[in-house]
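Chains as they are written, first to last, in my numbering: chain A, 1 to 114; chain B, 1 to 117.
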Amino acid sequence: EAQVTQNPRYLITVTGKKLTVTCSQNMNHEYMSWYRQDPGLGLRQIYYSMNVEVTDKGDVPEGYKVSRKEKRNFPLILESPSPNQTSLYFCASSSTGLSTDTQYFGPGTRLTVL
Amino acid sequence: AQKITQTQPGMFVQEKEAVTLDCTYDTSDQSYGLFWYKQPSSGEMIFLIYQGSYDEQNATEGRYSLNFQKARKSANLVISASQLGDSAMYFCAMREPFSGGYNKLIFGAGTRLAVHP
């Protein structure tokens with residue numbers, strides 16, 4: 001089944017404790033992206049990657065890191081999480097970065113930083 | 001300025017009736033994609049339907065259709081024969097050509113649809 005997977009689905013952590021949210025897709029997609037969703041602010045892009053070893057900042061990259069060493073994986077790293085990073089995180093992928101390509105989303109990761 | 005506007009924060013519909021969710025967009029690009037996603041209370045983001053800016057026919061996917069009026073820059077989602085399981089938040093989104101270092105989906109604020117038996 002074609003899908004985007006994220007792990008963990010739920011995470012409660014404390015300020016400053018490094019964490020990684022994994023994202024993997026099995027559709028051989030070139031483009032991958034991370035979004036966060038917050039009440040009143042909607043969905044905002046954190047980082048995106050057009051292909052392996054190519055990553056770029058989105059609208060809200062501060063406090064996050066990403067890497068794209070393999071085509072299928074695009075982990076999101078929070079080196080020192082803070083409470084304002086409490087959010088619902090989505091990984092998404094599309095075949096290419098073209099405007100006509102559909103982005104498919106993972107199931108989401110609910111992160112709480114205490 | 002808002003690039004995607006969904007003017008209906010909430011909508012009610014009776015089961016088995018049709019409902020239209022409004023979406024207007026703003027872009028100066030000629031090539032762009034318009035998308036609708038459904039987000040149920042469980043939180044996942046489910047792709048429903050896509051319309052390309054050059055597509056002359058309105059997109060349809062089962063009970064979903066997109067009423068695309070390019071000159072008016074509107075891309076309304078029509079759900080026919082509503083079901084209880086259609087109760088969710090619905091997002092309209094646009095994807096513009098890669099330029100200026102950004103490449104993303106731009107989302108509207110969403111419309112919460114409640115289907116009543």
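Every residue gets a Cβ at the ideal spot worked out from N, C-alpha and C, and that includes glycine. A quick note: this is a predicted structure, and the numbers were derived from the prediction, not measured.
- [ ] Tell me, please, which residues DSSP counts as bridged to S74(B).
- [x] T24(B), Q69(B)
Task: Residues sharing a beta bridge with F91(B), DSSP - done: Partner(s): Y37(B).
Open item on the list: Quick check: what's the CA-CA separation for M32(A) versus L34(B)?
Closed with: 18 Å
Open item on the list: Going by DSSP, what residue range makes up the beta strand (DSSP E) through A92(A)?
Closed with: 87-94
- [ ] Measure from the C-beta of R112(B) to each C-beta in chain A and report whether the shortest distance is under 8 Å.
- [x] no
Task: Best match in T100(A), E79(A), G106(A) for proximity to T13(A) [C-alpha to C-alpha] - done: E79(A)
Open item on the list: Given this structure, state the Cα-to-Cα distance separating V4(A) from S42(B), to the nearest angstrom.
Closed with: Those two C-alpha atoms are separated by around 16 Å.
Open item on the list: According to DSSP, L76(A) sits in a beta bridge with which residue or residues?
Closed with: V21(A), V66(A)
Task: Residue burial classification, D68(B) (beta-carbon count within 10 angstroms, cutoff 16) - done: Checking the sequence shown, residue 68(B) turns out to be Phe, not Asp. Looking at its Cβ environment, which holds 16 or more other Cβ atoms inside 10 Å, F68(B) is buried.
TODO: Give the residues of chain B in contact with F90(A), contact being defined as C-beta atoms less than 7 Å apart.
DONE: Simply M45.
Task: Nearest residue (CA-CA) to P117(B), options Q8(B), A59(B), Q83(B) - done: Nearest to P117(B) by alpha-carbon distance, out of Q8(B), A59(B), Q83(B), is Q83(B).
Task: Opening and closing residue of the beta strand (DSSP E) in which K124(B) lies - done: In the structure as shown, chain B begins at 1 and stops at 117. Residue 124(B) is therefore absent and cannot be evaluated.
Task: Residue burial classification, S7(B) (beta-carbon count within 10 angstroms, cutoff 16) - done: Before going on, a small fix: residue 7(B) reads as Thr here, not Ser. By the neighbour-count rule (16 or more Cβ atoms within 10 Å), T7(B) is not buried but exposed.
Task: Proximal residues of chain A, C-beta to C-beta of K104(B) below 7 Å - done: Correct list: S33, Q45, Y48, G58.
- [ ] Could you check which residue in R110(A), L111(A), E70(A) has the C-alpha nearest to that of M27(A)?
- [x] Of the candidates R110(A), L111(A), E70(A), the one whose C-alpha sits nearest the C-alpha of M27(A) is E70(A).
TODO: Check G42(A) in the structure and name its three-state DSSP category.
DONE: The answer is strand: DSSP assigns G42(A) an E or B state.
Task: Three-way DSSP call (helix, strand, coil) for D59(A) in this model - done: Secondary structure of D59(A) (DSSP, three-state): coil.
Task: Segment contact, 8 Å Cβ cut-off, at least three pairs: the region 96-104 of chain B with the region 73-80 of chain B - done: no
Task: For V21(A) and T109(A), believed in contact at Cβ under 8 Å, the rounded distance - done: A Cβ-Cβ distance of about 5 Å is found for the pair T109(A) and V21(A), placing them in contact under the 8 Å criterion.
Task: Validate contact between the region 80-96 of chain A and the region 12-24 of chain B using beta carbons, cut 8 Å, 3 pairs - done: no
- [ ] Have a look at G90(B) and A114(B) and give me their C-alpha separation to the nearest angstrom.
- [x] One point to set straight first is that residue 90(B) is Tyr, not Gly, in the sequence displayed. Answer to the nearest angstrom: the Cα atoms are 11 Å apart.
Open item on the list: Distance cutoff 8 Å, beta carbons only. Does S99(A) sit that close to anything in chain B?
Closed with: yes
Task: Where L114(A) sits in the DSSP three-state scheme - done: coil
Open item on the list: Residues of the region 45-68 of chain B in Cβ contact with chain C at a cutoff of 7 Å, in chain order, please.
Closed with: Note that chain C does not occur in the displayed structure, where the protein chains are A and B.
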